[in-house]
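Visitor: Quick one: the structure is below, and I'll ask about it shortly.
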Amino acid sequence: EQTNEELSERSVLLEERNNEIQKKSEALELTTRYKSEFLANMSHELRTPLNSILLLSRLLSENNNKSMVAEEIEFAKVIQSSGNSLLGLIDEILDLSKIEAGKMEMEFLDVSTKEITDNLWNLFHLLAKEKGITFEIISKDAPVVIKTDKMRLEQILKNLISNAIKFTEKGTVTLEIKINTDDDKIICFIVKDTGIGIPLDKQPLVFEAFQQADGSTKRKYGGTGLGLSISRELAKLLRGEIILHSKLNEGSTFTLCLPVFGSALNKINLEKIPP
Ligand code: ADP
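All you need for the UniProt record's numbering is the position in the sequence shown, starting with 1, plus 484.
Structure representation (structure tokens):
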């Protein structure tokens, strides 16, 4: 049996340990905050000079005073496109740090699915065509109005579709929209490709930051490995999820499902979605 003395000794020890844990978690919180503040400041500081680089290289590549030869214009275009990649990377890092710090806020507003599919069609149909693959948008239901953060939803879909086009050499990339109006009122955006596919053992990995199915230094496709991890986190913040089905050498399907929100599904009748 323990004496009172022993018991009070133990309670002192326990209290000390709790204090230690408390201190550690406070320190961790502080470090996380410093890290995200640092990243936010850095992104801002990097963006300012980068914007000058982008603006001036664009002016150079337009060559309005006809002072440059073809090769120089080509160089200016390379500076511009490298600058754009860098800007994309900075935005991704900033997004990820915002998400980690719990500071990514969603703005839920009414959005028509027609607006979204129009934007995506405009963004991607030429890109796919240039690569010799087909891009199509399928929606059996009439467009609907959903309550979501338009910018973030489009960010996820842009990421899924640009990946699908990037990792497909021939065939078709499809965005299909399915709406379940029965009980849960769920809308799913299904991005399907006939590309290289992802082996089963790599499938959980691709949603981790900086992870790529082909992690070798000699890999064929560029990228940062940030897009899908950001997309998955954004999907969660939109109260939905992304599910992956893929088969090596056959293709991949990424399905983003979101709650529709709003009382009744607000059917609107706009022209047909582009083929
Ligand atoms: P990134 O495309 O910049 O590498 P992502 O986070 O968007 O980063 O994707 C992570 C990895 O998942 C990719 O590098 C690729 O290996 C794999 N992946 C993503 N989408 C596809 C797809 N549609 N087909 C095949 N592999 C894919």
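In this text, a Cβ means the ideal position worked out from N, Cα and C, and glycines have one as well.
Remember, predicted model here, so these are calculated numbers, not experimental data.
Is it buried or exposed for LEU754, if we count other Cβ within 10 angstroms and need 16 for buried?
Guide: With a pLDDT of 36 at LEU754, under the threshold of 50, the modelled position of this residue cannot be trusted, and the question is left open.
Visitor: Compute every distance between the C-beta of GLN696 and the non-hydrogen atoms of ligand 1, then say whether any falls below 6 angstroms.
Guide: The answer is yes for GLN696.
Visitor: What is the residue span of the alpha helix (DSSP H) that ILE557 lies within?
Guide: 554-584 is the extent of the alpha helix (DSSP H) around ILE557.
Visitor: Using a threshold of 7 angstroms, state whether the C-beta atoms of ASP579 and ILE726 are closer than that.
Guide: No; because the gap between Cβ atoms is not below 7 angstroms, this pair is not in contact.
Visitor: Please report the residue range of the alpha helix (DSSP H) in which PHE608 lies.
Guide: From DSSP, the alpha helix (DSSP H) with PHE608 extends over 597-614.
Visitor: For LYS662, which three-state DSSP category applies?
Guide: Reduced to three states, the DSSP call for LYS662 is strand.
Visitor: Less than 8 angstroms between the CB atoms is what I'm expecting for SER545 and ALA524, so what's the real figure, rounded?
Guide: In fact, because the Cβ distance is near 31 angstroms, the residues do not count as touching under 8 angstroms.
Visitor: Report the three-state DSSP secondary structure of GLU734 (helix, strand or coil).
Guide: Three-state DSSP puts GLU734 in coil, outside helix and strand.
Visitor: Is GLY572 near ligand 1 - that is, is its Cβ less than 6 angstroms away from at least one heavy atom of it?
Guide: Checking every heavy atom of ligand 1 against the Cβ of GLY572, none is found closer than 6 angstroms.
Visitor: With distances taken from CA atoms, which of SER565, GLY586, GLU558, GLY572 is nearest LEU721?
Guide: Ranking the options by Cα distance to LEU721, first place goes to GLY586.
Visitor: Is the beta carbon of GLY679 less than 7 angstroms from the beta carbon of THR652?
Guide: The answer is yes: Cβ separation under 7 angstroms.
Visitor: Check whether the Cβ of ASP677 lies closer than 6 angstroms to any heavy atom of ligand 1, and answer yes or no.
Guide: Yes; taking the cut-off as 6 angstroms, the Cβ of ASP677 has a heavy atom of ligand 1 nearer than that.
Visitor: Tell me whether LYS634 sits in a helix, a strand or coil according to DSSP, three-state version.
Guide: Three-state DSSP puts LYS634 in a helix.
Visitor: Just how far apart, CA to CA, sit PRO759 and LYS642?
Guide: Note that PRO759 scores a pLDDT of 40, beneath 50, so its modelled location is shaky and nothing firm can be said.
Visitor: Under the three-state reduction of DSSP, which class applies to LYS756: helix, strand or coil?
Guide: With a pLDDT of 37 at LYS756, under the threshold of 50, the modelled position of that residue is not reliable, and the figure given next carries that caveat. Here LYS756 sits in coil by DSSP.
Visitor: Give a yes or no on contact between the region 628-645 and the region 668-676, applying the rule of three or more CB pairs nearer than 8 angstroms.
Guide: The region 628-645, when compared against the region 668-676, does touch it at the 8 angstroms Cβ threshold.
Visitor: What separation, rounded to the nearest whole angstrom, lies between the Cα atoms of ILE649 and TYR705?
Guide: Each residue's Cα considered, the two are about 12 angstroms apart.
Visitor: Restricting to Cα atoms, I'd like to know which of ASN606, LEU659, PHE738, VAL595 is closest to PHE745.
Guide: Closest by alpha carbon: VAL595.
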